[in-house]
Amino acid sequence: MSTYAYAVKGMTCDHCVAAVTSEVSRIEGISEVVVDLSRGTLAFTGEIPRETIADAVEEAGYQLA
1 MSTYAYAVKG
11 MTCDHCVAAV
21 TSEVSRIEGI
31 SEVVVDLSRG
41 TLAFTGEIPR
51 ETIADAVEEA
61 GYQLA
């Protein structure tokens, strides 16, 4: 499996990190999720289409950059 990283717009606190982590972790096929608040990034392991990740991030209230 590959690891992918995307920038996420709008995260400002630990609650934001938890919300994004929770939504993305629910996607079938994801084996690891790391959200870095200081860098504003989301990294995950899995072969998941960008659109699916974008939908999960938007469900949490944020956007992929």
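Residues 1 to 65 in UniProt numbering are what the sequence shown spells out, letter by letter.
The beta carbon of each residue, even a glycine, is placed where N, CA and C say it ideally should be.
This one's a predicted model, so the numbers in the text were calculated from it and none came from an experiment.
Rounded to whole angstroms, the separation of the alpha carbons of Y6 and T41 is 6 angstroms. In the displayed model, E23 falls within a helix according to three-state DSSP. Around the Cβ of M11, a 10 Å sphere holds 16 or more other Cβ atoms; the residue is buried.
Beta-bridge partners assigned by DSSP to T45: T3 and E32.
Per DSSP, R50 is one residue of the alpha helix (DSSP H) stretching across R50 to E59.
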